[in-house]
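**Student:** Okay, here's the structure, questions in a sec.
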Amino acid sequence: MEQHMTALTKKQFFPRTKVPKTVCIPRRLTAIVAGLLLTMMPLLTGCGGGGGGETGSAPSAAPVGATASLAWHPVQDPSVIAYFVHYGRQSPGHSGSCSYEHSMHADSPSATVTNLDPNTRYYFSVSAYNGLESACSSEVSTVTDPLPV
21 MEQHMTALTK KQFFPRTKVP KTVCIPRRLT AIVAGLLLTM MPLLTGCGGG
71 GGGETGSAPS AAPVGATASL AWHPVQDPSV IAYFVHYGRQ SPGHSGSCSY
121 EHSMHADSPS ATVTNLDPNT RYYFSVSAYN GLESACSSEV STVTDPLPV
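Be aware that the sequence shown starts at 21, since it is given in our numbering, and climbs by one per residue.
Here you go:
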């Protein structure tokens, strides 16, 4: 099971550079992302059916999961350079926590999470990033659509 975003993974997206101590200004990121909105969309993927006289071919599209589209109000701090969407099947159980099963990077105040299990409850929260990560936003949750029949 994938663990939440590690410091090593964050460095991959946002490498740090050395700055002389006299130039370094400590920053704090205390703003919490607000207004998290969630929409659900089924995701169908597949490849062409082959045609050309083949017999016994399977249907060309098979449902493989669901997606969740999220949007939120951007943090009004000009130093914010990205967001992290945290999600999973378990809620961390306390406000502001970012302890979810998965995390993903977002450059803008919206994201689409793919390959979610059908007919499953997922919890979502977002944090802002400017070299430091903020506390997570209020949590939203939804149950993904079941597989179409």
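Glycine included, C-beta positions come from ideal geometry on N, C-alpha and C.
Does Thr-164 come out as helix, strand or coil in the three-state DSSP assignment?
**Tutor:** Residue mapping note: residue 164 aligns to position 144 of the sequence shown, counting from 1. Three-state DSSP puts Thr-164 in coil, outside helix and strand.
**Student:** Considering only their Cβ atoms, is the gap separating Val-105 from Val-160 smaller than 8 angstroms?
**Tutor:** The count along the sequence shown starts at 1 and reaches residue 160 at position 140. The count along the sequence shown starts at 1 and reaches residue 105 at position 85. No, they are not a contact pair.
**Student:** So, for Arg-47: in the same chain, excluding its five sequence neighbours on each side, which residues have a beta-carbon less than 7 angstroms away from its beta-carbon?
**Tutor:** Position 27 of the sequence shown holds residue 47. Because the pLDDT of Arg-47 is 49, which lies under 50, any placement of that residue in the model is unreliable, and the number read from its coordinates should be weighed accordingly. Ser-99, Asn-150, Gly-151 and Leu-152, listed in sequence order.
**Student:** Bridge partners of Ser-145, per DSSP?
**Tutor:** Position 125 of the sequence shown, counted from the first residue, corresponds to residue 145. Paired residues: His-106.
**Student:** Could you check the C-alpha separation between Gly-76 and Ala-148 for me, to the nearest Å?
**Tutor:** Sequence index remark: in the sequence shown, residue 76 carries index 56 (1-based). Sequence index remark: in the sequence shown, residue 148 carries index 128 (1-based). Legend: pLDDT at Gly-76 = 41, less than 50; position of this residue unreliable, no value from coordinates given.
**Student:** For Pro-129, which of Asp-165, Val-95 and Thr-164 has the nearest alpha-carbon?
**Tutor:** Your numbering for residue 129 matches position 109 in the sequence shown. If we check each option's Cα against that of Pro-129, Val-95 comes out closest.
**Student:** DSSP three-state call for Gly-151: helix, strand or coil?
**Tutor:** Within the sequence shown, the letter at position 131 stands for residue 151. Reduced to three states, the DSSP call for Gly-151 is coil.
**Student:** Among Leu-90, Ser-111 and Thr-164, which residue has its Cα nearest to the Cα of Leu-136?
**Tutor:** For the purposes of this step, residue 136 is identified with residue 116 of the sequence shown, where counting begins at 1. From the listed residues Leu-90, Ser-111 and Thr-164, the smallest Cα separation to Leu-136 is found for Thr-164.
**Student:** Within 10 angstroms of its Cβ, does Ser-171 collect 16 or more other Cβ (buried), or is it exposed?
**Tutor:** In the structure as shown, the chain begins at 21 and stops at 169. Residue 171 is therefore absent and cannot be evaluated.
**Student:** Whole angstroms are fine: how far does the CA of Asn-139 sit from the CA of Tyr-103?
**Tutor:** Sequence index remark: in the sequence shown, residue 103 carries index 83 (1-based). Sequence index remark: in the sequence shown, residue 139 carries index 119 (1-based). Whole-angstrom Cα-Cα distance: 27 angstroms.
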